Structures are given as C-alpha cells and as structure tokens.
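The structure appears right after this line, and notes come after that.
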DNA sequence: CTGAAAGCGCTAACAT
DNA sequence: ATGTTAGCGCTTTCAG
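Chains as they are written, first to last, in this note's numbering: chain A, 1 to 348; chain B, 349 to 696.
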C-alpha cells in the first residue's frame, strides 16, 4: 500500500488496483499501453490513476524491466571545462530532447587521457543507463572498455575508426567549402588555412572542404598556405599559427581558421601587429560560439546548431532503444555561412 | 544469479555471496560499511567483489532503500536558454561535486511562468530524486507545489521569502560595495546605478551595497542617479536604462550596472552616442561572464565563482541527506573586483 | 481479457 | 558476527 513516508501519501500500483477494482497486473498492462485490455477497464484504471495522481516508481520499474530510463552523456574533462559553450550547448540539446522522450541524461566526464584499466563512469558500472552518448573526441581505450558492456553508443562530433556506431556529425566538408567560397566570392586569391589537431576527423574534413574549393577555383594551396601543426584548436594556438603563416607567406589576404577559438587567436595576433581586419586580412572561423558577438570586428563564421546535434543524438538513441534494432545511422547536421564584419574584399 | 544478458556477465550480490562463502546479507553489510563485520569476512567479501567486478544495481538499491542517488536540478526555461553561461556554469559545478559524493544530477527546466496545477518535473512525480536544487528565480507556485513532496530543497542565487531552506548566495552586498568603492577610489563623484528586476533579492542587495558606500562617502544618490524600472537584467534593458539615466542626469561620470548583460547594453548605448569609455564615462558590471573578455574595452566587473556555487549547493544537500538533519544554512560565496579597461579616473 | 504469483537485486529486521 | 527471510513496487509469464 502507499505509504505516509512522512506526510505525503505516495500511491503505489496496489492502491490503483484497489481503487479501480482490478489486479495490479491489469494496471501494469494499462500503464504500458498493452493491447488486449478492454476499453472499459482501461478507462477505469486511468481514472484511478488520475484520481490518486499515481506515478510508477522509476527504481521499481528499472529493477524488473532492466531499463533505467537514463541515458549517459560522456565528455572529456577538457571539453567539459572549455569556456566556449560548445559541448554545453549540445548537452542542453540532449537534455531538451530527452524530456520529450521520457529520458533523463546523466552527464559525466572522463579524464582526457583515459587509459585501459581506468575506472569507467559510475553509471555504466552500476547499470544506471540504457545507452550512452559520447560527445567530442575521446580516447579509444574508453570506447574499447565500454564495448564490454554492450550498451548502445551514439557519437556526437566525433567517431571511432570502425564503422559500428550511429553518429551525429557536423557537415564539416560543406562548412569548409562555404567558408572558402565566401572568401573567393569577395575576390580573395591567397587564402590561408589554420588548424589545430589536424588528425581530428572534423578538422580534417574542414581542411578537405578548403582544398576542394581552391582546387576547383584553380587557386594555390601549397605548404605555404596552411599551418596545421598546432596541437590544439585553442586561442593561443591560433595566435602562434597566424604568426607562422604570415612569416612564411606575405601574399595572404584571407585566413580560414578551423574554429572560432583559433580565429580569435589569429585576430589577436593581427591586431598586435597592426594588421587591419578585414582591410588587410579577412578572417573567417567555424562554430559560431557566443563570444563572437562581442568581438571587434564581429567574426564571420560557419554556424552549427549545437542544440540540434544533441536533439538528433537522442532521436537516434531513442530509435535504437525502442526498436531494439541496431541500425547504424549517420546524421549530418547542416551548416550555415554567417557573414559579419571580419570578411571583406581585399583592398589591394 | 548473475546473467548473461546478451554477452556480458553481470554479477549480482548472490554471486558475490557464493564466491565469498557468506550470505547476501553479509555482502550487503560490507558494501554499506557497517560496523560489526569482522575484518576477515570484510576482506574476503571485498576480494570477491573485486574479483567479479561487482557493482550493486542502482535500481535495486533504490527500490528497497527509497534512495535514488539522484539530485534534481531545476532551472526556468529562460535561464536555461540564456546565452551567457551563468547557470550552466553553476550546473557544471553541481555535476562536478556530485561525482565526488556519488550522486547524479538530473537537470530539468520548468516554464518560466509555472503556475499552480502545472505538471511538475517528472523526476519528482516518479520519485527519482532524493533532493532538489533550484537555481535562479523561480515562481513561488513551483515552490509551493514542491513542498507537498517534502524533498529537501537547496536554493542557489535566489530564495523564497520564508526562511525555510538552505541557500547558496552571491555576496551581493559586498559586491555592490566593491564596485562603487573602486569607482570612488578612481575619483568619481557622480556614480549612477542601473538595474532590471529590482525586486530580485540579489539585485536589491547590489543596490543596497551601492547606497551604503555612497552614503558613507557623503555622495549623492537620489532619484537622478539610478534607473531601476527595467523588467529584465538584459542587454536591451541596459541600453534603454542608460538612455534614461543620461537623459535625466548629465553629471554622471561612472555607471554601476547590476550585471554584465546590462553593462554591455550600456556600452552599446554609449558607443552609439559617441560617449567614450572610460574617458567620458566609466562602467562596471557584475557576474564576470565569459563574453567580457572580448569586449572593447574589456569590462571591469565583480566576479563570482559560478562553479563554486554549484559545489556548495551539493555540499549542503549532501549534509542534509546524510545527516538527515534539516539544519538550515546560508552560504555566501565571496566576490572579487576585476579591474579591466572600462573604469578609469574621470577626465574632467 | 484479466488475475495469481513469481521474482528482479538489494536491504534491514530479526534470529542465531 | 553472520544468516534467514520478508519485502520494496513493478512486470511478466502462465492460467483461467
């Protein structure tokens, strides 16, 4: 029977059964929308549920059905602590979509250098999630370790080599192309590219888009046009990459930075060296993170709907969980060119 | 017995008991660190646990102990969607501290205009949390509705009238004082104040700090020195508040905005009207949100450690949950003056 | 179409 | 100090 834990009456399935004059089994069937329940009983039971304001206990359900109603969300510590709200936004997207699908998201971080043998997130050990969403680049040791638990995995903005999982990815190639096309349209002929962590699939693809468009346009993009040896796509790396690039190539009139953080670093370098943006050099980034709005000049960039990525991931996870079919899907989230003030025609 | 759900062997307490040659009760006692267990058995059991890589199922534990190991985190939709990562940061703080305390955070939003009778977050209905953290201003109907479930509540950056709950608050009065003291020290005598939502306790306190310092310094702060009738502490309101303030008072050489968002709005207004910052008018904000770094000039402000607030909230919640003592505590998180380029001596 | 009953994995009296 | 046992609230065969 429901109990008066302290003050509040919390009805259980038994109370509903009694009120509706049926067995608990019947109530359960109604709750779970089973066929083979007569409309009348269904009505009767639902009325009782309503009346008592009954809601099944998660843990009781979980225990017997081996479904927790939770989805894990894994992020590396690095990404978690990043000041730009990139992954945070994605997380909020999952949160948002999860509510519609009656899930809860359990967020956790792992060490950025997770190694085989390291302790896995508690929610996998305790079997407290039905599936896991992994956002951003993670060590493959993590993935290997997770595989043992055969929980469905969905990746966002990253994917492991093997082609075994559903993924939500930015349309990076298309983004790279749009960025460079925009610069070419403005009349630029010497367009540089700057990247950190060039082995990251997303960055590689942006570079790919860059090369494709230049090739098509018959413009050069040899070694003197790009700097891709920075470790991280962070501001300070953007700064030093800009320095390297401009040291080796004076002709450059526009720079495509692989993300906004690096673009901001580039801007800083240019300002310090009295190079005017966009008069002397145009610059375009990628990601459209919030800070861009307060930059001077406002940064042109390629925009991605971060929350949409999270929503798509939940959608995929939901399909996997509901259909029990492990159909592997890749979702490409579209990108959009945002022209602000950092890109202009070349002045000389 | 543990099962081979699909491939993986998932040990249960029975498996551990068998391996260690004890009863499940004993295993349970060991897990829960009960006294009255001989060192030998403890060792034996722990060895078996290690060996089998056993972890108790959350839901099984939850069902019997009526503890879920989850803490709910409630935010209004408005706050959830705000572009500045203010509440997000607080959330990350709770997330961070929760891990240390073996909790999971379930984040959810409620309509900003939640009314009595509206559907409560699912985690309270399903009894899926042991306590709730509420961040930012929420409708009191929500609080009233939650009270029926008598779950421990902890408030962050807001509190209801009655003095019934533990709270984590910014030291707003001290922040307001520091901001104004800094301006006075620079030589300002005509210092304006701008606020939105002046009935919010935090804003009120910042205003309070402003008045206290001016009073002490023997400077005036009559009606011509402040604008507090804006609804929201947002950029556009900062803009229009600045307009109002400068219309009615031409002497002002410095403005204290109740938060950074409004300060940014003020800056925008000043720029558009060719009023130089800080030469003509100094400006200082409150919050130290990320965007400040890219502002021109960089905004002086009062900084609050957002993550610390989240951490403190979990600490309070943990105390309540572990000690079962409902000792009401208020934690004041300290603030720090950050002088950047938007504050300077008055030039005339 | 509905009910009886077993049991999910764990905890907590109560025995021993 | 440890074991026995009865449930926690729910789902799910299996009978009827």
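Beta carbons: idealized from backbone N, C-alpha and C, even for Gly.
Since the structure is predicted, the reported quantities are computational estimates derived from the model, not experimental observations.
Cβ-Cβ distances below 8 Å link residue 579(B) to 544, 545 and 585 in the same chain, with the five nearest sequence neighbours on each side left out; the list follows chain order.
Counted as a single uninterrupted DSSP element, the stretch harbouring residue 630(B) is not any alpha helix (DSSP H) but the beta strand (DSSP E) occupying residues 630-632.
Residue 485(B) counts as buried, since no fewer than 16 other beta carbons sit within 10 angstroms of its beta carbon. Counting along the chain, no alpha helix (DSSP H) covers residue 512(B), and no H or E run does either. Taking the Cα positions, residue 630(B) is about 6 Å away from residue 601(B).
Taking C-beta atoms as the reference points, residue 357(B) and residue 92(A) fail to come closer than 8 Å. DSSP places residue 43(A) within a helical segment (H, G or I) once states are collapsed to three. Beta-bridge partners assigned by DSSP to residue 169(A): 332(A). Looking at the backbone, the Cα of residue 132(A) and that of residue 75(A) are separated by about 11 Å. The continuous beta strand (DSSP E) containing residue 230(A) extends over residues 226-230. Fully contained in the region 559-612 of chain B are the following beta strand (DSSP E) runs of length 3 or more, in chain order: 574-578 and 602-605. Closer than 7 Å at the C-beta level to chain B, one finds these residues of the region 132-156 of chain A: 148, 149 and 150.
At a cut-off of 8 Å between beta carbons, residue 456(B) contacts chain A. Boundaries of the beta strand (DSSP E) around residue 73(A): 70-76. Taking a beta-carbon distance threshold of 8 Å, residue 653(B) does not count as an interface residue toward chain A. Neighbours of residue 433(B) across chain A, judged by C-beta separation under 7 Å: 85 and 88. Short of 7 Å from the beta carbon of residue 653(B), and not among the five residues preceding or following it, lie these beta carbons of its own chain, in chain order: 681.
Against chain A, the CB of residue 609(B) has no partner CB under 8 Å away; the residue lies outside that interface. Distance from the CA atom of residue 412(B) to the CA atom of residue 28(A), rounded to whole angstroms, is 20 Å. Contact between residue 301(A) and residue 288(A) holds: CB atoms are separated by about 5 Å, below the 8 Å threshold. For residue 62(A), the neighbours in chain B by C-beta distance under 7 Å run, in chain order, 407.
Rounded to the nearest whole angstrom, the CA to CA distance from residue 527(B) to residue 558(B) is 8 Å.
Taking a C-beta distance under 8 Å as the contact criterion, residue 503(B) and residue 487(B) do not qualify as a contact pair.
By the Cβ rule, the region 494-514 of chain B does not count as touching the region 448-459 of chain B, because fewer than three pairs are nearer than 8 Å.
For residue 313(A), the number of other beta carbons within 10 angstroms of its own is at least 16, and it is reported as buried.
Closest in C-alpha terms to residue 405(B), from the list 359(B), 371(B), 447(B) and 470(B), comes 359(B). Pairing residue 524(B) with residue 221(A), the inter-Cα distance amounts to about 54 Å.
DSSP places residue 410(B) in the helix class (H, G or I) of the three-state scheme. Contacts with chain A at 8 Å (Cβ-Cβ) do not include residue 574(B). The DSSP-derived three-state label of residue 175(A) is helix.
The Cβ of residue 403(B) sits closer than 8 Å to at least one Cβ of chain A. In the three-state DSSP reduction, residue 104(A) falls in the strand class (E or B).
For residue 671(B), the closest Cβ of chain A is not nearer than 8 Å.
Residue 331(A) has a beta carbon lying at 8 Å or more from every beta carbon in chain B. Under the DSSP assignment, residue 22(A) falls outside any beta strand (DSSP E); it carries neither an H nor an E label. A direct Cα-Cα distance of roughly 30 Å separates residue 434(B) from residue 621(B).
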